[in-house]
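A short worksheet on the structure shown next.
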Amino acid sequence: MLLRAAFAGLVLASFTLSASAETIRIAIGTQDTTINCAAGGLLIRELGLLDKYLPHDGPYKDAKYKVEWKNFTSGAPLTNEMVAGKLDFGAMADFPGSFNGVAFETAGKHSLFISVLSGSIKGSGNGIVVPSASGVQSLAELKGKTISVPFASTAHGMLLRAVAAQGWDPLKDVNIIAQPPEVAGSALQAGKIDAHADFVPFAELFPSRGFARKIYDGSQANAPTFHGALVDQAYAKKYPEIVVAYLRASIEANQLLTAEPE
32 MLLRAAFAGL VLASFTLSAS AETIRIAIGT QDTTINCAAG GLLIRELGLL DKYLPHDGPY
92 KDAKYKVEWK NFTSGAPLTN EMVAGKLDFG AMADFPGSFN GVAFETAGKH SLFISVLSGS
152 IKGSGNGIVV PSASGVQSLA ELKGKTISVP FASTAHGMLL RAVAAQGWDP LKDVNIIAQP
212 PEVAGSALQA GKIDAHADFV PFAELFPSRG FARKIYDGSQ ANAPTFHGAL VDQAYAKKYP
272 EIVVAYLRAS IEANQLLTAE PE
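Structure below.
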């Protein structure tokens, strides 16, 4: 009996030790080129803010952390990796955030929207550009033309609203194709597309580089837009204190950005 009790105690002690000494992954998807997402990724990483708030007491007393960062140029591929279990957190805009929720539910899982990182009441930041040599001066002139956009992005949502406001059928009156910013820039310069819809900073960056001209600003849609952070619900339930640490780091990042935007 004493031998059994001693063995049981040893097993329990070993289990407790292995649990408390767990190496916990914290995988965060960022959009470094999108300043609206900076407080949810770029600034946290570059300023080392997450380490300040990670728990090291209670069940995390002996825990080790493996923090992983992965950068994306839009929300859709970020969502794909979250659903696949390769990422725990992700920063993205409202439209891709909605797709994130749908994608998780389709996979029999759930994600949680945990914070707003930035926003615009009128939807500024998004825009539609054309090649600088194009004769097109307004959205109305793009009927029957090819417009590229990062699919499932906030710019995609803006484009669909803009097309609807013209009374057009997005499946018949314009040819909307999927194209990430880095590909669209080359396509605009080569004249392979008639226009490109994108989010901040690309709707401003491409014209500033001289190969594109802005013909439509997202604020013309007069629809609010915002960027925020999401987390895998199963991860949040297992490690709620880590979610709190991420949020605290994000709050500090936002305060620093507000105090010194440059």
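Letter by letter, the sequence shown follows residues 32 to 293 of the numbering used here.
We put the CB at the ideal spot given by N, CA and C, even for glycine.
For clarity, every value in this text was computed on a predicted model and none was experimentally measured.
The segment 275-291 / the segment 174-183 touching (three or more Cβ pairs under 8 angstroms): no
Three-state secondary structure assigned by DSSP to H187: Position 156 of the sequence shown, counted from the first residue, corresponds to residue 187. Three-state result, H187: helix.
Simplified DSSP assignment, three categories, for A195: Walking along the sequence shown from the start, residue 195 turns up at place 164. Residue state, collapsed to three classes: helix.
Contacting residues, own chain, Cβ-Cβ under 6 angstroms from D63 (five flanking each side not counted): Residue mapping note: residue 63 aligns to position 32 of the sequence shown, counting from 1. Excluding residues within five positions, the ones whose Cβ falls inside 6 angstroms are L73 and N102.
Separation of L236 from F242, as counted between CA atoms: Reading the sequence shown from its first residue, position 211 is the one you call residue 242. Reading the sequence shown from its first residue, position 205 is the one you call residue 236. If you take the alpha carbons of F242 and L236, they lie about 10 angstroms apart.
Segments of 4+ residues assigned as alpha helix (DSSP H) that fall wholly inside the segment 38-116: 73-77, 80-84 and 106-114
Extent of the continuous alpha helix (DSSP H) to which A218 belongs: In the sequence shown, the residue the question calls residue 218 occupies position 187. For A218, the enclosing alpha helix (DSSP H) has its first and last residue at P212 to A221.
C-alpha distance - A50 paired with K95, whole-angstrom precision: The residue given as residue 50 occupies position 19 in the sequence shown. The residue given as residue 95 occupies position 64 in the sequence shown. Because A50 sits at a pLDDT of 43, beneath the cut-off of 50, its placement in the model cannot be relied upon, and the point is left open.
P162 - partner residues in DSSP beta bridges: Your numbering for residue 162 matches position 131 in the sequence shown. A243, per the DSSP bridge assignment.
Beta carbon of A260 nearer than 7 angstroms to that of A122: Here residue 260 corresponds to residue number 229 of the sequence shown, with the count starting at 1. Here residue 122 corresponds to residue number 91 of the sequence shown, with the count starting at 1. A contact, by the Cβ cut-off of 7 angstroms.
Proximity of F135 and A183 at Cβ, strictly below 7 angstroms: In the sequence shown, residue 135 corresponds to position 104, counting from 1. In the sequence shown, residue 183 corresponds to position 152, counting from 1. No, the pair does not count as a contact, with Cβ atoms beyond the cut-off.
Coil, strand or helix - I294 by DSSP: Residue numbering for the chain in the displayed model covers 32 to 293; residue 294 lies beyond these limits and cannot be assessed.
DSSP state of I282 mapped onto helix, strand, coil: Counting from 1 along the sequence shown, the entry for residue 282 is found at position 251. Helix.
CB contact flag (D125, F257, <7 angstroms): Here the question's residue 125 lines up with position 94 in the sequence shown. Here the question's residue 257 lines up with position 226 in the sequence shown. Yes. Within cutoff.
Simplified DSSP assignment, three categories, for S169: As a first step, residue 169 is located in the sequence shown; it is residue number 138 there, counting from the start. Here S169 sits in coil by DSSP.
Residues near D229 in its chain [Cβ-Cβ closer than 6 angstroms; skip 5 each side]: As a position in the sequence shown, residue 229 is number 198, starting the count at 1. For D229, where only same-chain residues beyond five positions count, the Cβ hits under 6 angstroms are A186 and P212.
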